[in-house]
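Below is one structure, written out as structure tokens; comments come after it.
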Amino acid sequence: MTPIETLILASYFFVLLILAVYGWHRYYMVYLYMKHKDEQPVPIKAFDTLPVITVQLPIFNEMYVVDRLIDTVCQLDYPLELLEIQVLDDSTDETQEIAELAVRRHAAQGMDIKYLHRTDRTGYKAGALDEGLKVARGQFVAIFDADFTPKPDFLMRMVHYFTDPKVAMVQARWGHINQDYSLLTKIQSILLDAHFVLEHGSRNRGGCFFNFNGTAGMWRREAIADGGGWQHDTLTEDLDLSYRTQLRGWQFVFVQDHVAPAELPVEMNASKSQQHR
């Protein structure tokens, strides 16, 4: 056997090994899901006195959806005196004017909503979240990306899981506003549903680590600090903080039966850009 043939054969078996490990992981996820499929996480009790919650909206050049996002978040069903909304805008286009106008409109109606604009985008999304956290007054922090439209009961559905002092983060399942728009959106919705229902569901109920998906979730502020805070030395700041926090002994909860609707990219280039990292 020549050296080239040996190299090809070794490469072939190396690829087979990787596929085998990946396949075994998939089978194990299915096993965990089936084993724990009837186990749904529930809050241990409800808060006697509701805590203050800060909702952070990190945005960058989202002129077509930012107004909808702010309007939707301002309709969340939670006592106004206990709700703070931060619009964390790093935009460089017309989004600035649209977002600031929307913030002023809702502030005039009595909402505690603030517009925070950075000209220095250090840290990108992680940097914006960290800057907002420095002046936030909430004990808990909910985060939504620009293409999300959370339901009015989102905060009330999620907050009571934090009556367990060990819980650091509660993740909702992503929904899809436009999944029937095209074949591309249907495929994306199937892949995302598999990720959330199968992988997150099996990991959480099986006692394994899983990660915050960057949006449609709520954090205990104390846990963010204990995990080292938002760090921007990686593109996957949400995954990074998730594992640092869980390694500190905190627990995560995945709420499969609560869906936070979002708009899927309708063009291939937009989808590729979203999934690039």
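890 is the number of the first residue of the sequence shown in the working numbering; add one for each residue after it.
Ideal Cβ positions, reconstructed from N, Cα and C, are used throughout, including at glycine.
Which residue's Cα is closest to the Cα of residue i: the options?
{"i": "His1006", "options": "Thr981, Ala1015, Arg994 and His995", "result": "Thr981"}
{"i": "Tyr967", "options": "Ala1112, Pro1041 and Leu1080", "result": "Pro1041"}
{"i": "Thr1104", "options": "Thr1011, His1049 and Ala1015", "result": "Ala1015"}
{"i": "Leu972", "options": "Lys1003, Asn950, Glu989 and Leu990", "result": "Lys1003"}
Helix or strand or just coil, what does DSSP make of residue i?
{"i": "Tyr1004", "result": "strand"}
{"i": "Val1024", "result": "helix"}
{"i": "Val1155", "result": "coil"}
{"i": "Met1047", "result": "helix"}
{"i": "Ile987", "result": "helix"}
{"i": "Ile1113", "result": "helix"}
{"i": "Leu939", "result": "coil"}
{"i": "Gln1060", "result": "strand"}
{"i": "His995", "result": "helix"}
{"i": "Leu946", "result": "strand"}
{"i": "Gly1016", "result": "helix"}
Start and end of the beta strand (DSSP E) containing residue i?
{"i": "Asp1146", "result": "Gln1140 to Ala1151"}
{"i": "Phe1033", "result": "Unbroken run through Phe1033: none, as it is neither H nor E."}
Under DSSP, the alpha helix (DSSP H) around residue i begins and ends at which residues?
{"i": "Thr1074", "result": "Leu1072 to Asp1082"}
{"i": "Phe903", "result": "Pro892 to Lys924"}
{"i": "Val955", "result": "Val955 to Val962"}
{"i": "Asp978", "result": "Note, Asp978: premise wrong, no alpha helix (DSSP H); beta strand (DSSP E) at Leu972 to Asp978."}
{"i": "Arg1094", "result": "Gly1090 to Arg1094"}
{"i": "Asp1129", "result": "Glu1126 to Leu1136"}
Below 7 angstroms between beta carbons: does that hold for residue i and residue j?
{"i": "Leu977", "j": "Gln945", "result": "yes"}
{"i": "Phe1098", "j": "Gln1135", "result": "yes"}
{"i": "Ile1010", "j": "Asp1034", "result": "The sequence as given places Arg at residue 1010; Ile does not occur at that position. No, the Cβ-Cβ distance between Arg1010 and Asp1034 is not below 7 angstroms."}
{"i": "Cys963", "j": "Met1000", "result": "yes"}
Please report whether the beta-carbon of residue i lies at a distance below 7 angstroms from any beta-carbon of chain C.
{"i": "Gly999", "result": "Among the chains in the structure shown there is no chain C, since it carries only a single protein chain."}
**Message:** I want to know whether the region 1100-1108 touches the region 1119-1132 - three or more CB-CB distances under 8 angstroms.
**Reply:** yes
**Prompt:** For the 8 angstroms Cβ check, are there 3 or more pairs between the region 1145-1152 and the region 1110-1128?
**Reply:** no
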